[in-house]
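Numbering (my numbering), first residue to last: 5 to 288.
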């Protein structure tokens with residue numbers, strides 16, 4: 005945490021700060037579920053509307069959503085600045101939203117409180133509201149998968165990604181998010197199969213530098229919407245954190261003050277630092 009050559013006294017002071025910092029929670033993903041009424045519906049320029057509702061089984065689901073599948077193309081993935089197609093890496097269908105290719109009815113991440121929940125859990129220091137930009141729709145059919153990868157950054161104001169799983173029946177195909185050896189698995193296929201409400205959707209958000217993958221789908225159609233999460237324009241540097249986080253931040257400040265008030269701490273100067281865990285979204 006500090007530069008080499010610390011004295012025994014300095015190491016003792018640093019232990020207090022180290023314990024306080026370890027108490028800070030730094031989540032890299034969060035998720036939830038909600039029941040929209042009426043069901044989330046995909047709308048196309050030719051006035052076609054396709055509601056996504058849970059069918060009785062995976063076979064019936066494939067039949068009901070065949071008109072949607074027919075509108076999709078093989079999904080690509082980015083490698084640096086290049087776009088590639090390789091079914092061993094990603095086997096999926098995709099429909100991009102650019103140019104008004106489709107819109108979404110009866111679902112708004114901001115109006116439904118999802119963006120505020122993401123801000124509270126992942127970026128509570130940001131006082132401004134987040135925004136969500138519809139990016140694409142992905143469909144994973146039988147055998148579909150996506151190996152571990154990171155999303156391509158799309159603009160300096162991009163905070164992360166929001167994935168919304170629509171209530172289409174599918175088996176396996178879990179969404180796995182990993183960061184620094186910690187895994188979070190979203191098993192939406194099982195949740196959709198067991199839920200009572202045919203319109204219930206599930207969602208997950210995560211930072212842009214977090215590894216994630218989609219395990220192989222065994223059957224049915226895994227249908228998701230992807231949104232780019234961006235910072236709002238009101239992003240001043242002060243915000244009121246939650247009570248628990250505020251208490252922890254106060255403790256860190258107190259321990260740091262002890263260091264700075266001690267004339268023997270780094271008397272000849274030095275560096276006090278901590279490792280970054282995410283791609284930070286404000287200028288230093």
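From the three backbone atoms N, C-alpha and C, an ideal C-beta is built for every residue, glycine too.
Keep in mind it's a predicted model, so treat the numbers as computed, not measured.
Residue 167 by DSSP, collapsed to three states: which one?
-> strand
Just reading off the alpha helix (DSSP H) that residue 195 is part of, what are its end residues?
-> 192 to 198
Quick one: grab the DSSP three-state call for residue 201.
-> coil
How many Å lie between residue 181 and residue 14 at the Cα?
-> 38 Å
With a floor of 4 residues, list each alpha helix (DSSP H) that falls wholly inside the region 101 to 185, ordered by position along the chain.
-> 118 to 126
Inspect the CB distances between the region 49 to 69 and the region 111 to 129 and report whether three or more fall short of 8 Å.
-> no
Whole-number beta carbon distance between residue 148 and residue 226, since they are thought to touch under 8 Å = 7 Å
Determine, using beta carbons only, whether residue 205 comes closer than 8 Å to chain C.
-> In the displayed structure, chain C is absent; only one protein chain is listed.
Proximity below 8 Å, CB of residue 142 to CB of residue 96 | yes
Near residue 257, which residues of its chain fall below 7 Å by C-beta distance, leaving aside the five closest residues on each side in sequence?
-> none
For the candidate residues 94, 120, 105, whose alpha-carbon lies nearest to that of residue 138?
-> 105
Sort out for me which residues DSSP pairs residue 223 with in a bridge.
-> 175
Spatial neighbours of residue 78 in its chain, beta-carbon cut-off 7 Å, leaving aside the 5 residues before and after | 89, 97
Are residue 231 and residue 206 closer than 8 Å when you measure CB to CB?
-> no
Measuring CA to CA, which of 63, 46, 261, 124 is closest to residue 224?
-> 63
If you draw a straight line from the alpha carbon of residue 81 to that of residue 152, how long is it in whole angstroms?
-> 12 Å
Beta-ladder partner(s) of residue 43, from DSSP = Note: residue 43 sits in no beta bridge, so no partner.
Identify whether residue 210 lies in helix, strand or coil by the three-state DSSP scheme.
-> strand
So, using beta-carbon positions, are residue 183 and residue 215 closer together than 8 Å?
-> yes
Cα-Cα separation, residue 45 to residue 108 | 6 Å
Exposed unless 16 or more other CB atoms sit within 10 angstroms - verdict on residue 120 | exposed
Give the C-beta separation of residue 195 and residue 35 to the nearest angstrom, bearing in mind that I take them to be a contact with Cβ-Cβ under 8 Å.
-> The Cβ separation is near 10 Å, so there is no contact.
Just grab the DSSP bridge partners of residue 36 for me.
-> 207
Proximity winner among 33, 175, 66, 136, relative to residue 235 (alpha-carbon distances) = 136
Flag this pair as yes or no: are the beta carbons of residue 53 and residue 173 separated by less than 8 Å?
-> no
What separation, rounded to the nearest whole angstrom, lies between the Cα atoms of residue 200 and residue 178?
-> 20 Å
Does the Cβ-Cβ distance between residue 233 and residue 165 come in under 8 Å?
-> yes
Can you give the Cα-Cα distance for residue 133 and residue 125, rounded to whole angstroms?
-> 13 Å
Tell whether a beta-carbon distance below 8 Å holds between residue 17 and residue 269.
-> yes
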